[in-house]
Amino acid sequence: MLFHLKSRIFATAAIAMVAVVAVTGCKKSGIDPFPSSGAVRGWQKTGETRTFAAKDLYQYIDGDAEQYVSAGVISSSTSDYKYEGQLEAVVDVHFMNDAVGARKIMDTGKAGDAKEVTLGDSGMAFAQSIIFRKGPYLVRIVAYESTPETQEALLALARGVEAKL
Amino acid sequence: MKNRRDFLKTAATGAVLLGSSAAANKLGYAAALDLHPQAGKSKVVVAHDAAVHGPGGALDEKRVQALLDRAIASWTGIENPVAAWKRIVPVGKVIGLKVNGLGGKGIATHTALTQAVCERLQQAGVKPGQIVIFEQRTNFLQACGFQHTDNAGNIRMLSSEIYGYEPQQSSFGSATIKLAKALTLCDMVIGMPILKDHSMAGLTFAMKNMYGVVDRPQDLHPNNCAAVADLNCIPAIRDKVRFTIGDAISSVYDGGPSFHPERLWQPNALIVGEDRVAIDHTAWQMLERKRAEAGMPTLEAAGRPPRYIATAADAAHKLGVNDPQRIHLMEV
Numbered sequence: 097m098l099f100h101l102k103s104r105i106f107a108t109a110a111i112a113m114v115a116v117v118a119v120t121g122c123k124k125s126g127i128d129p130f131p132s133s134g135a136v137r138g139w140q141k142t143g144e145t146r147t148f149a150a151k152d153l154y155q156y157i158d159g160d161a162e163q164y165v166s167a168g169v170i171s172s173s174t175s176d177y178k179y180e181g182q183l184e185a186v187v188d189v190h191f192m193n194d195a196v197g198a199r200k201i202m203d204t205g206k207a208g209d210a211k212e213v214t215l216g217d218s219g220m221a222f223a224q225s226i227i228f229r230k231g232p233y234l235v236r237i238v239a240y241e242s243t244p245e246t247q248e249a250l251l252a253l254a255r256g257v258e259a260k261l
Numbered sequence: 002m003k004n005r006r007d008f009l010k011t012a013a014t015g016a017v018l019l020g021s022s023a024a025a026n027k028l029g030y031a032a033a034l035d036l037h038p039q040a041g042k043s044k045v046v047v048a049h050d051a052a053v054h055g056p057g058g059a060l061d062e063k064r065v066q067a068l069l070d071r072a073i074a075s076w077t078g079i080e081n082p083v084a085a086w087k088r089i090v091p092v093g094k095v096i097g098l099k100v101n102g103l104g105g106k107g108i109a110t111h112t113a114l115t116q117a118v119c120e121r122l123q124q125a126g127v128k129p130g131q132i133v134i135f136e137q138r139t140n141f142l143q144a145c146g147f148q149h150t151d152n153a154g155n156i157r158m159l160s161s162e163i164y165g166y167e168p169q170q171s172s173f174g175s176a177t178i179k180l181a182k183a184l185t186l187c188d189m190v191i192g193m194p195i196l197k198d199h200s201m202a203g204l205t206f207a208m209k210n211m212y213g214v215v216d217r218p219q220d221l222h223p224n225n226c227a228a229v230a231d232l233n234c235i236p237a238i239r240d241k242v243r244f245t246i247g248d249a250i251s252s253v254y255d256g257g258p259s260f261h262p263e264r265l266w267q268p269n270a271l272i273v274g275e276d277r278v279a280i281d282h283t284a285w286q287m288l289e290r291k292r293a294e295a296g297m298p299t300l301e302a303a304g305r306p307p308r309y310i311a312t313a314a315d316a317a318h319k320l321g322v323n324d325p326q327r328i329h330l331m332e333v
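Chains as they are written, first to last, in the numbering used here: chain A, 97 to 261; chain B, 2 to 333.
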């Protein structure tokens, strides 16, 4: 009888631990994915990180928020960056419910002129932007101008973000 | 053309105004702005300048001013820019400029265009303190090149996040909203949208820009933003927003309303007129032509046809015309 009770307690505790690990392991909600100034050569973080819960996402990307919500976004964070004091860019990190949601959003942005890059689970680069996904994270980095260095600089920043996910 | 620093200086110190007759302006204003489409064809001017972006892609501010002048001259039939503007705006009234910076600074109403309009407004007799540049959110306003600033006697740059909304609701059909105080304080508003594809509405331009004058635009998104026409019928919007200077200098033809540089397109044009429906119809056709050229499906095939344009023209709304036979399109 005592043995059965101990077994049941052990089993319940094991299930609870697995659940906790699953939740914290998948969500990694404490992650700061934004490289600090100088962490990636040439890049300065020029703005505060702003984070929007799914219900408030319209405050940042009104008009686009719905597609992220329907794909299971939990929160989105954004910060401005500047490269070598000139090239301005914005980094958006969308934290989705799961990898399927990140893939769904990324697939809608696929285009023929994209160049595949080795970033996270999948990455695409354009002349002025990079998008990649890693687990439940979808990252989009956009530069506001196109210079000869833009793509390489964006790729370096993207790798800096990826390393923090 | 003033640079940004000069513009802000002028905004802070007041501009030199050219003399004008209030009575003549009032008469001219009424004559020019015939809001009843059944009176004749709606005139829409599309003014182009392939060289408005200079070498390296930077916007040539002098050419922006010249492009604006050409568009307004063609629409009014008056060559002198100041005289032309006097036909459009009433003297002694508060004039709002509803810019659009929702997509971020990569795809916001160009600062140089807004500055050019402000300059001509002042030359036409509108005092700096009677000009209100406004947007829904502070960061949207910043994307258009302006900081929230509300100083008496100067050009006012208002974020509705700070300036607020009317306490009472306004309704028409499916749209029940609270209006931005920045809109209600104006006697006349000039819509200054930027041409974009929109993930739900299909197209965002003249009429969709009004989602930025309400407290909860996200509530108006269902059914491909079907509420656009109803929203534009709310009396304060219908009556005050009497002219559009549409920024089609840059555009995104897919992936909008956010900035997608890989889908950036430079039509190098302004689309100008008083009939918001005819303007949106014209912009829609431009967008479809670009999408076809890029090998993309039509907005209908993509599942987001801008049906609100036809709705806005129907007997229940009568906001303007969408029949090409009733649009006098001038390409200059």
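Ideal Cβ positions, reconstructed from N, Cα and C, are used throughout, including at glycine. Just so we're clear, the structure is a prediction, and the values are computed from it rather than from any experiment.
Mind checking who residue i pairs with in its DSSP beta bridge?
i      : result
A/F191 : A/S171, A/Y233
B/W86  : Answer is none; B/W86 lacks a bridge partner.
A/E184 : A/K178
A/A221 : A/K211, A/I226
B/G97  : B/V133, B/V190
B/G247 : B/I272
A/R146 : A/T174
B/M331 : B/V46
A/Q140 : A/K178
B/L60  : B/H54
B/L265 : B/V253
A/A239 : A/A185
B/V215 : B/L180
B/V118 : Its beta-bridge partners do not exist; DSSP assigns none.
A/V165 : DSSP output for A/V165 lists no bridge partner at all.
B/V242 : B/V190
Suppose the cutoff is 8 Å on Cβ atoms and the five residues either side in sequence are ignored; what does the same chain contact list for residue i look like?
i      : result
A/K123 : Because the pLDDT of A/K123 is 43, which lies under 50, any placement of that residue in the model is unreliable, and the number read from its coordinates should be weighed accordingly. Same-chain partners within the cutoff: I170, F191, P232.
B/N233 : M208, M211, R239, V242, R277, A313, H318, L320
Between residue i and the rest of its own chain, which residues show a CB-CB distance below 6 Å, the 5 nearest in sequence each way excluded?
i      : result
A/A259 : none
B/D35  : Residue confidence for B/D35 is low, a pLDDT of 45 falling below 50, so the modelled location carries little weight; the figure read from the coordinates is stated next. Answer for B/D35: no residue qualifies.
B/E332 : V47
A/V213 : G219, A221
A/G143 : S175, D176
A/Q182 : none
Taking all protein chains shown into account, decide if residue i is buried (16 or more other Cβ within 10 angstroms of its Cβ) or exposed.
i      : result
B/D198 : buried
B/R365 : This structure cannot speak to residue 365 of chain B, because chain B is shown only from 2 to 333.
B/P258 : buried
B/P325 : exposed
A/K151 : exposed
B/Q131 : buried
B/E301 : exposed
A/V196 : exposed
A/P129 : buried
B/Q286 : exposed
B/Q63  : Residue identity differs from the one stated: residue 63 of chain B is Lys in this sequence, not Gln. It counts as exposed.
B/R290 : exposed
B/V322 : buried
A/G256 : buried
A/K211 : exposed
A/G134 : exposed
B/E136 : buried
A/P131 : buried
B/I235 : buried
With a threshold of 7 Å on Cβ separation, who are the neighbours of residue i within its own chain once the five nearest residues in sequence on each side are excluded?
i      : result
B/P223 : none
B/A51  : N269
B/I272 : V45, V47, G247, A249, I280, T283, A284
B/A85  : I73, A74, T77, I79
B/I156 : A12, C119, P129, I132, I134
A/A161 : L153, Y154
A/G205 : I227
B/K350 : With chain B represented from 2 up to 333, any question about residue 350 of chain B goes unanswered, as that position is not in the structure.
B/Y166 : K179, L180, A181, K182, D216
With a threshold of 7 Å (Cβ to nearest heavy atom), would residue i be considered close to the ligand NAD?
i      : result
B/P262 : For the ligand NAD, the structure offers nothing, since it holds no ligand at all.
Task: Entirely enclosed beta strand (DSSP E) segments - the stretch 138-210 of chain B, minimum 3 residues - done: Entirely contained in the stretch 138-210 of chain B, the beta strand (DSSP E) runs reaching 3 residues are, in chain order, 157-160, 171-173, 176-178, 189-193, 195-199, 203-205.
- [ ] Could you say if the stretch 184-194 of chain B and the stretch 207-214 of chain B meet the contact criterion of at least three C-beta pairs nearer than 8 Å?
- [x] Counting Cβ pairs under 8 Å, three or more are found: they touch.
Task: Start-end ranges of the alpha helix (DSSP H) lying completely within the stretch 272-322 of chain B, minimum 4 residues - done: As far as the stretch 272-322 of chain B is concerned, its whole alpha helix (DSSP H) runs of at least 4 residues are 277-294, 309-314.
- [ ] Answer yes if the stretch 101-116 of chain B comes into contact with the stretch 70-80 of chain B, meaning at least three C-beta pairs across the two stretches below 8 Å, and no otherwise.
- [x] No contact exists between the stretch 70-80 of chain B and the stretch 101-116 of chain B.
Task: Touching by the beta-carbon criterion (3+ pairs, under 8 Å), the stretch 285-305 of chain B and the stretch 251-269 of chain B - done: Here the stretch 285-305 of chain B makes contact with the stretch 251-269 of chain B; the two share three or more CB pairs at distances below 8 Å.
Open item on the list: Would you call the stretch 206-226 of chain A in contact with the stretch 234-241 of chain A, where contact means no fewer than 3 C-beta pairs closer than 8 Å?
Closed with: Result yes; three or more Cβ-Cβ pairs closer than 8 Å.
Task: the stretch 122-131 of chain B / the stretch 137-153 of chain A touching (three or more Cβ pairs under 8 Å) - done: Touching, no.
- [ ] Please confirm if the stretch 304-321 of chain B is in contact with the stretch 225-233 of chain B, defined as three or more CB-CB distances below 8 Å between the two stretches.
- [x] Touching, yes.
TODO: Would you check if there are 3 or more beta carbon pairs closer than 8 Å linking the stretch 138-152 of chain B to the stretch 90-107 of chain B?
DONE: Contact between the stretch 138-152 of chain B and the stretch 90-107 of chain B is present, because at least three Cβ pairs lie under 8 Å.
- [ ] Could you say if the stretch 260-269 of chain B and the stretch 76-91 of chain B meet the contact criterion of at least three C-beta pairs nearer than 8 Å?
- [x] Here the stretch 260-269 of chain B does not lie against the stretch 76-91 of chain B, with fewer than 3 beta-carbon pairs under 8 Å apart.
TODO: Check distances from the C-beta atoms of the stretch 173-187 of chain A to those of chain C and list, in chain order, the residues that come in under 9 Å.
DONE: In the structure shown, chain C cannot be found, because the protein chains are A and B.
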